[in-house]
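What follows is a set of notes on a single structure, which appears directly below.
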Amino acid sequence: IFNLSDNKLRVIPGRILKRSTNLRELNLENNLIESIDKDAFIGLGKLESMNLSNNDIQKLHWETFRSLFQVKIINLDHNKLNLICNKMFATHAAIEELNLSYNNIFSIHPEAFKKSTTLRVLLLNDNKLMTFSSELFISLTKLTNLDLSNNHLRNISHESFRTQFNLKYLNLKNNELCEIQAAMFHKLQLQELNLQHNNLEFNAFYPDLMTLLSMKQNISTLNLAENLCTADINDQNNFKSMSKLKNLILYV
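Set out below in structure tokens:
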């Protein structure tokens, strides 16, 4: 473990850790890092955890993490990233958790996670996403936790989660969704679904909600609070088909 957190580092030069070939964990959180050389992490082929949270990183070269073949956790939350390109995580065949929350991300390449097939937790909350490709998550068949809350999403294709057979937790809270298509959840076996504080209206939302609830779902927690639905949505009899439901949140 190499802990360089809580310092005043601004730049990570190339090959600075090239002799730390057995390093498993690198902590660079809570610095002032603005720039990382694309060769900064050369030699860290055994690294399993990388923490770059709480810095000032605006841009990363697509080759920055290319030598981290065994990395399982990458934490980039609370930075200033705005784009995720298609090759940034291309070599990470072992990655299980990726935290990109609390950035300024407004665009993610459709193939950004194409090679990240082992990913289980993906945190994209608190960014500036207005949309994303229906192909973005297609390779993430092992994903269990997806957080897209606190963005500006207005519409999500019904095909977006068609391969997420293992997804248990889906958070879409605090977006600008006006419509939900039941087909979007058709193949999911969710345990928790959070749709709080969107713009879901009665006419667009309610029929598809009923279709969703008529399916054999494993949802134990459902949050529909702070939407534009009419009072009818508050009739708990509408949720009788959800046999495993334990927590139902409906307040306006």
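Quick note on our numbering: the sequence shown kicks off at 136 and runs consecutively. Here a beta-carbon is modelled for each residue, glycine too, at the ideal position from N, C-alpha and C.
{"Asked": "Phe137, DSSP secondary structure in three states", "Found": "strand"}
{"Asked": "Neighbour-count burial assignment, Ser188, 16 or more Cβ in a 10 Å radius", "Found": "buried"}
{"Asked": "Sub-8 Å separation of Asp191 and Leu161 beta-carbons", "Found": "no"}
{"Asked": "Integer Cβ distance of Leu211 from Asn234, believed to fall under 8 Å", "Found": "6 Å"}
{"Asked": "Buried/exposed call for Lys379, threshold 16 Cβ in 10 Å", "Found": "exposed"}
{"Asked": "As assigned by DSSP and simplified to three states, the class of Met377", "Found": "coil"}
{"Asked": "Nearest residue (CA-CA) to Ile136, options Ser269, Leu163 and Ile354", "Found": "Leu163"}
{"Asked": "Same chain only: Cβ atoms within 8 Å of Ser284, ignoring 5 sequence neighbours per side", "Found": "Asn260, Asp261, Asn306, Leu307, Lys308, Asn309, Asn310 and Asn329"}
{"Asked": "Complete runs of the beta strand (DSSP E) confined to the region 237–269 [at least 3 residues]", "Found": "256–258"}
{"Asked": "Cβ distance (whole Å) where Glu327 is taken to contact Ser295 below 8 Å", "Found": "Not really, about 18 Å apart at Cβ, beyond 8 Å."}
{"Asked": "For Asp282: DSSP bridge partner residues", "Found": "Leu258 and Asn306"}
{"Asked": "Cβ-based neighbour list, Leu325, same chain, cut-off 8 Å, excluding 5 preceding and 5 following", "Found": "Leu302, Lys303, Tyr304, Leu305, Gln352, Asn353 and Ile354"}
{"Asked": "Alpha-carbon spacing of Gly180 relative to Glu231, whole angstroms", "Found": "16 Å"}
{"Asked": "Ranges of the beta strand (DSSP E) found wholly within the region 171–248, counting only runs of at least 3", "Found": "184–186, 208–210 and 232–234"}
{"Asked": "Proximity winner among Asn221, Asn217 and Leu258, relative to Phe241 (alpha-carbon distances)", "Found": "Asn217"}
{"Asked": "Candidates Ile273, Leu383, Cys313 and Phe320: closest to Leu363 by CA position", "Found": "Cys313"}
{"Asked": "Supposed contact pair Lys250 and Ala228 - C-beta distance, whole angstroms, cut 8 Å", "Found": "7 Å"}
{"Asked": "Bridge partners - Glu169, DSSP secondary structure assignment", "Found": "The partner list for Glu169 (beta bridge, DSSP) is empty, contrary to what the question assumes."}
{"Asked": "Residues that Glu294 bridges to, as DSSP identifies them", "Found": "Per DSSP, none; premise fails for Glu294."}
{"Asked": "Sub-8 Å separation of Gly178 and Lys153 beta-carbons", "Found": "yes"}
{"Asked": "Nearest to Asp282 (by Cα), restricted to the options Arg255, Ser292 and Phe224", "Found": "Arg255"}
{"Asked": "N- and C-terminal bounds of the beta strand (DSSP E) containing Asn382", "Found": "Asn382 to Ile384"}
{"Asked": "Contacts around Leu182, its chain only, beta-carbon distance under 8 Å, and the 5 residues preceding and following it disregarded", "Found": "Leu158, Arg159, Glu160, Leu161, Phe176, Leu203, Gln205 and Val206"}
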